[in-house]
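Residue numbers (the working numbering): 1251 to 2009.
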């Protein structure tokens, strides 16, 4: 079953195919491109019935796609689906069979070779789909000769925030380090525009450099499973040999490794028999091993695609993996920034920008390319490495949305106006990219992501920084940006209206912005409006007390919830009709179906599709009103979700109980150092570091075995645990505690009880 973001990408792809025959899809490494591809193929075969070709540029990718398709029940012997390497196809056009109805290109950033162009010419009627994590080229050549439009997914930062990709720690070399000095001296370039391999190998494939690589792994990834990206075959073999001699089970894999031997090594790596795979561009693409715990970058590159493909091998999530350690021994961070940088994929797809990093000597500021505020600190005293980012700080930065292009835009990312000297008209640009559909007689105002311009016919348009139309106020006298992404428009008759720049909705009076956590609503008179792209308006007169922030969503009463929205029972009663806005979902509002025991919720969209929503994990499709099979039925899905929620609650309670017990035992272990203390007339219990029991009792005696006698009032004694919990309430004349945990309690003279103290 596809996850919610994969369903969204599939929907957007289908919409793009309505207007374009050839579409490229961008999704970061590790987010399930192949599974999306398999789902599209399965649906196409079922509906169209014509053949499908899946094309890859390496035999390993062919085998991987065949395995994934088999999981979806798509086998060559049963369906008109063929998986082929482009090298084979280019030599056997006449043996390929009937013309396909759909051609899918995996790792489509390679699709500029003559073989692909020939394929387009031979099969012009076929739909085309290209999938890649990096739609860019070093030489700035775009992809529009083959693909008409690019559909992009969330950024790497967003996938990390949603829990799809792993957080990471990042260390890199200092600007003045020996390694950086050697790399800065590389002058020769290969045919692809990247550093020349021969020169890199001559300069960096030396024992001191390999020793530095080993020290980095020993310091930051000792005992962990990882991958090393080397310069050349000889470099990879020397690294593997050096690591192995020092107790790290490492092997080198390259293009000359026999296929069976390579397969054996990969399987042993997956099962933990091999600790480190050292490779030369063999596993930059298509390699799937989620429990990779570190990636070591030992090969300088100017290629953004190569950088992201390599670090992406470590960003897949797996059970027990807290974070991935990225060890950058060649200073790629100073060329590209962190992997969480936001990239202008559309400009690279169209050939307006090169997929190339900026050399450190040509950058205004090292940190200017990174997507998050970076505070470098030495990773070790006197060492060559600095800690660039730690996973805890990374996650908090993402959640706070502390992105330079959202808070403090650098000049290179800011929206700017320019004049075309030939036409005299004004356009807009962002960095090296010129925005489409921006041709104005004058640009009236620019603020942040938005620009307002007047066309030659006098009409006013509002565009965002992608060139998309936000609003068309028409003929007006004046426009003015207000705070909170609102625009004030003064019309010819001096009337004023207001535009919500988040969705283009126009209001006759200035909206009041209400914030519930990270979600905003606009109040206009007595009506509340969402700021999602599809605007939701509540019933007029709803009291503000009916709008409730629930930690990751806002819910509000709405009697217009359609009857087709199935509502779950809570405590024997169906929940009242409510609408909710989800944290992080800027598209639409949803109908609330109900809440599960772990406080997660089930919601329905306007098409009758149900989603499970957990805090910090976004929404996940679970059911629909018209299921194609039983697993999509509402009752079955909710029953499964309830069981899973109950299990999560039980697990959380057990963990909380265990954590409480651990804390209590720590307190008890310190109780031998605890002494009674007095403030005023009241007594408490403390150690040298902290107060265990605040001074609220008439008297407290020295603890014995984790317990102490306390007096609440005159002649009224009881027993406390040293963590402050009352074990026996104060109602006895006298209390004596033995070290074996036995308490002798005197109620009245001559009447004694003996109690075994337990928690």
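Even for Gly, the Cβ is constructed at its ideal location relative to N, Cα and C.
What did DSSP end up calling residue i once you bin it into helix, strand or coil?
i	result
residue 1644	helix
residue 1515	helix
residue 1284	helix
residue 1932	strand
residue 1679	strand
residue 1995	strand
residue 1303	strand
residue 1700	strand
residue 1521	coil
residue 2003	strand
residue 1428	helix
residue 1324	coil
residue 1454	helix
residue 1463	helix
residue 1748	strand
residue 1561	helix
residue 1649	helix
residue 1481	coil
residue 1292	helix
residue 1505	coil
residue 1487	helix
residue 1434	helix
residue 1329	coil
residue 1840	strand
residue 2013	Here the chain covers residues 1251 to 2009 and nothing more, so residue 2013 does not appear.
residue 1308	coil
residue 1382	strand
residue 1728	strand
residue 1449	helix
residue 1705	coil
residue 1715	coil
residue 1690	strand
residue 1269	helix
So, at 6 Å on beta carbons, what are the nonlocal neighbours of residue i in its own chain, with the 5 sequence-adjacent residues on each side left out?
i	result
residue 2021	Here the chain covers residues 1251 to 2009 and nothing more, so residue 2021 does not appear.
residue 1760	1748
residue 1430	1423 and 1581
residue 1656	Annotation note: pLDDT 39 at residue 1656 (below 50); position unreliable, no value reported.
residue 1851	1845 and 1863
residue 1355	1305, 1361 and 1380
Using the rule of at least 16 other Cβ atoms within 10 Å of the residue's Cβ for burial, across every protein chain shown, is residue i buried or exposed?
i	result
residue 1485	buried
residue 1992	exposed
residue 1418	buried
residue 1376	buried
residue 1903	exposed
residue 1403	buried
residue 1489	buried
residue 1525	buried
residue 1594	buried
residue 1347	exposed
residue 1357	buried
Excluding sequence positions up to five away, which residues of its chain have a Cβ less than 8 Å from the Cβ of residue i?
i	result
residue 1540	1280, 1566, 1567, 1568 and 1571
residue 1799	1766, 1767 and 1769
residue 1806	1778, 1788, 1792, 1796, 1797, 1798, 1828, 1829 and 1830
Could you pull out every residue in the same chain whose Cβ sits closer than 7 Å to the Cβ of residue i, ignoring the five residues on either side in sequence?
i	result
residue 1454	1432 and 1481
residue 1836	1782 and 1783
residue 1586	1554, 1557, 1607 and 1619
residue 1640	1419
residue 1715	1665, 1680 and 1699
residue 1876	1858
residue 1689	1675 and 1677
Pull up the CB-CB distance for residue i and residue j, whole angstroms please, since I reckon it's below 8 Å.
i	j	result
residue 1790	residue 1777	5 Å
residue 1950	residue 1926	5 Å
residue 1985	residue 1997	No, residue 1985 and residue 1997 are not in contact; Cβ-Cβ is about 11 Å, not under 8 Å.
residue 1415	residue 1278	7 Å
residue 1665	residue 1701	6 Å
residue 1772	residue 1808	About 16 Å separates the two Cβ atoms, so there is no contact after all.
residue 1841	residue 1854	5 Å
Indicate, with yes or no, if the ligand SAH has a heavy atom lying under 8 Å from the CB of residue i.
i	result
residue 1400	As for the ligand SAH, it is missing from this structure, which has no ligand bound.
Where are the alpha helix (DSSP H) runs, 4 residues long or more, that stay fully inside the segment 1884-1971, in chain order? 1884-1919
Any beta strand (DSSP E) of 3 or more consecutive residues that is wholly inside the segment 1754-1835: 1762-1766, 1769-1774, 1777-1780, 1797-1799, 1803-1807 and 1828-1832
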